[in-house]
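Protein chains in written order, with our numbering: chain S, 1 to 118; chain D, 1 to 461. The C-beta atom is built at its ideal place from N, Cα and C for all residues, glycine as well. The structure under discussion appears below in the form of structure tokens.
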Amino acid sequence: MMSAYAVVYAFVIVAVAFAAVTLGAAKVLRASVPYARKESTYECGIPATGSTEVKLNIRFHVFALLFVLFDVEVLYVYPWAVTARELGPIALIEMGIFIAILLLGLAFAWRKGALSWE
Amino acid sequence: MSDKPEDKKPEPAKTAPVPAAAPAAAAPAAPKPAAPKYVPPEPVLNRKNGRLIEDRFTTWPTQVFINRWSRSGYQAGAAMLTGILLGLAVTGGVVGELAKWADKFYALLTAVAAAKGLPVLAVEIAWVAIKVLIVLHIVLINGLWSIWWERKISAHIQSRVGPTYAGSPSGWNFHGWAQTAIDGIKLLLKEDVTPAAADKWVHALAPGLVVAPCIIAFAPVLFGDNMAAASLDIGTLYIFAFAGISVIGIVMAGWASGNKYSLLGGLRGAAQIVSYELPRGFSVVPVLMFAGSLDLQVISNAQAGYWHGIPRWFVFYPVVGQLAFVIFLIASVAETNRTPFDIPEAESELVSGFHTEYSGMKWSIFFLAEYAYVLLGSFLLATFFLGGGASPINSVPFTLVPSWMWMLAKAMLMMFVFLWIRWTLPRFRVDQLMDFTWKFLLPWSFVNIAIAGLYLAFWLK
């Protein structure tokens, strides 16, 4: 039988084709009667004011940065978790130190107020 | 600009006669000797094929609970449910393990190809195509099924009725079973309004980018013992990696709509999904430590066996199992933007968040992806914590049930939990939501890894 990754490539092709075919079929089949009022931006029924290119709360960026930091750690922890039994107690202690440092980082971010949404 | 005068014109015309008419109407009413007796209007009755459809709204919900089993609808429902369960039992008995049949079918395919002189590669390609299309159809049928199920469950939780009439025109409309299919056709034919302020390309690309990774993530999902489309040795990581891509689609949808509600919804969605991905990822680490593999089949096999009649599922490992299960469940619900965590689409504040400006097929694609993620979460919960295809009771009639049926039953139970949570709990506030994951779930998932380490060091050598 073929490698499991051949199936993954097939999945990529089929998933993209599914999205394209569904949206394409809808485009062919549906009615389209556009006019200016219908195409206006929805904002509680009154004409929209201002642009959407507005200043955004810095919180979103802070959380994105924190996510990147911690999500990379997931990648470090998974290989250890898979081999935790073979590596034995020394690796366990090492991972304990690593996670303690991570928790210290989380505590630092918490203390600095990076985790509060205000 | 041109429609402004039209808007203003009717207003003065409308307001003018009202003050004049009000005293005129009040004056003749006062001297009348007796008010006419109130006659209730004739009820509008629904008729179908000349028969009267039972008007359940006149008795709902006060009288419907009186002696409910005397109602023909309940008897028919009970009979239907019994029939479905018996049918499933018979199917399980006759079909047995599907993986066995798949192997036989593959052998047949090779034999036919050899007889016809086709190359081996053609068989392989056909085989891969069959597997992928089966999984794609599981995702699509799940859309039909779970939306209908969600509407029925939500209706029963909130004392409503849900879909009732959609079905066969000649009568068999059991609980409106065809509702989602008909809605799907409607959405396919419905006009798709792209706002003038939108970035057309990104707006059209976003639903595709939400749904495609979701289908791709289904490749290593285990539907029963040895029943995954691709048995990847990094299955867990693969699923998390692909499921994570959908966030980009949500941000794109929010940004490209050119609407402030959408923008805010998209950003909130990104912040939330990204934040809940961390406890979700870390809560699985104890499972990986116990199973010693990222392969879903190995994780499922590691939970085989029983302790004094209790199955060795990870959810039954004291403390560590329950903690991991609860964190993973909460994070999975949050990942799908469903109600206690539906901050990105909060109807009462953001209209409907990142998909405010979506309609027709693009909108329904977002919902297909949402329900596919619910299914993915259900299957992952069943595989990681509920023993995959293992029977919960170690005795004969239960252990004979094929693994795919146990898997499906566990996944459906988990899906019910998803729906139950959605229709029972009110929405979080955005700051509570972020605090909950960063200050509660994430530290506890770290603590859980430490507990799992203790298990490995002392009890599970």
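Residue i to residue j span [Cα, whole Å]
i	j	result
residue 30(S)	residue 74(S)	45 Å
residue 18(D)	residue 37(S)	Model confidence at residue 18(D) stands at a pLDDT of 44, short of 50, so the residue's coordinates are unreliable; what they give is reported in the following sentence. Whole-angstrom Cα-Cα distance: 30 Å.
residue 80(D)	residue 306(D)	34 Å
residue 348(D)	residue 42(S)	15 Å
residue 114(S)	residue 427(D)	23 Å
residue 437(D)	residue 445(D)	10 Å
residue 63(S)	residue 82(S)	28 Å
residue 214(D)	residue 72(D)	42 Å
residue 25(S)	residue 17(S)	12 Å
residue 296(D)	residue 224(D)	10 Å
residue 15(S)	residue 199(D)	24 Å
residue 230(D)	residue 4(S)	5 Å
residue 177(D)	residue 148(D)	7 Å
residue 121(S)	residue 77(S)	Residue coverage of chain S in this structure runs from 1 to 118, which leaves residue 121(S) outside it and unanswerable.
residue 138(D)	residue 93(S)	44 Å
residue 259(D)	residue 32(S)	21 Å
residue 227(D)	residue 50(S)	54 Å
residue 124(D)	residue 6(S)	10 Å
residue 93(D)	residue 402(D)	8 Å
residue 355(D)	residue 262(D)	6 Å
residue 183(D)	residue 189(D)	10 Å
residue 129(D)	residue 9(S)	11 Å
residue 274(D)	residue 23(S)	27 Å
residue 116(S)	residue 52(S)	25 Å
Closer than 7 Å to chain D by CB, residue i
i	result
residue 38(S)	yes
residue 79(S)	no
residue 23(S)	yes
residue 82(S)	yes
residue 69(S)	no
residue 49(S)	no
residue 62(S)	no
residue 35(S)	no
residue 76(S)	no
residue 46(S)	no
residue 31(S)	yes
residue 108(S)	no
residue 16(S)	yes
residue 87(S)	no
residue 65(S)	no
residue 91(S)	no
residue 12(S)	yes
Min CB distance residue i to chain S below 7 Å
i	result
residue 252(D)	no
residue 104(D)	no
residue 201(D)	no
residue 438(D)	yes
residue 208(D)	yes
residue 216(D)	yes
residue 462(D)	Nothing can be reported for residue 462(D), as the shown portion of chain D is limited to 1 through 461.
residue 195(D)	yes
residue 80(D)	no
Close beta carbons around residue i, own chain, < 6 Å, minus the five adjacent residues each side
i	result
residue 133(D)	none
residue 143(D)	368 and 371
residue 77(D)	none
residue 153(D)	419
residue 353(D)	265, 344 and 345
Residues of its chain near residue i, where Cβ-Cβ distance is below 8 Å and the 5 sequence neighbours each way are ignored
i	result
residue 24(D)	Summary for residue 24(D): the model assigns pLDDT 46, below 50, so the residue's position carries little reliability, and this model does not support an answer.
residue 157(D)	420, 423 and 424
residue 102(S)	70 and 73
residue 191(D)	359 and 360
Cβ shell of residue i (< 7 Å), same chain only, five flanking positions each side left out
i	result
residue 244(D)	277
residue 319(D)	451
residue 66(S)	109 and 114
*asked:* Short of 7 Å Cβ to Cβ, which residues in the stretch 285-312 of chain D face chain S?
replied: 285, 288, 289, 292, 293 and 294
*Counting pairs of beta carbons, one from the stretch 373-382 of chain D and one from the stretch 330-344 of chain D, are three or more of them closer than 8 Å?*
yes
*Examine the Cβ distances between the stretch 278-298 of chain D and the stretch 316-333 of chain D and report whether three or more of them are shorter than 8 Å.*
yes
_Assess contact between the stretch 380-388 of chain D and the stretch 299-319 of chain D, defined as three or more Cβ pairs (one per stretch) separated by less than 8 Å. Is contact present?_
yes
*asked:* Three Cβ pairs or more, each shorter than 8 Å: is that satisfied between the stretch 250-262 of chain D and the stretch 206-220 of chain D?
replied: yes
_Residues of the stretch 330-362 of chain D in Cβ contact with chain S at a cutoff of 9 Å, in chain order, please._
Along the stretch 330-362 of chain D, going in chain order, the ones with a CB nearer than 9 Å to a CB of chain S are 351, 356, 357, 360, 361 and 362.
*Okay, do the stretch 414-422 of chain D and the stretch 339-346 of chain D touch, 3+ Cβ pairs below 8 Å being the bar?*
yes
*For the stretch 397-429 of chain D, which residues have a CB atom closer than 7 Å to at least one CB atom of chain S, in sequence order?*
none
*Please determine if the stretch 156-168 of chain D and the stretch 395-404 of chain D are in contact, where contact requires at least 3 C-beta pairs separated by less than 8 Å.*
no
*Output, in sequence order along the chain, the residues in the stretch 82-100 of chain D whose CB is closer than 9 Å to any CB in chain S.*
Against chain S - using a Cβ distance shorter than 9 Å - the stretch 82-100 of chain D contributes no residues.
*Name, going along the chain, the residues of the stretch 94-108 of chain S whose beta-carbon falls closer than 8 Å to a beta-carbon of chain D.*
95, 96, 99, 102, 103 and 106
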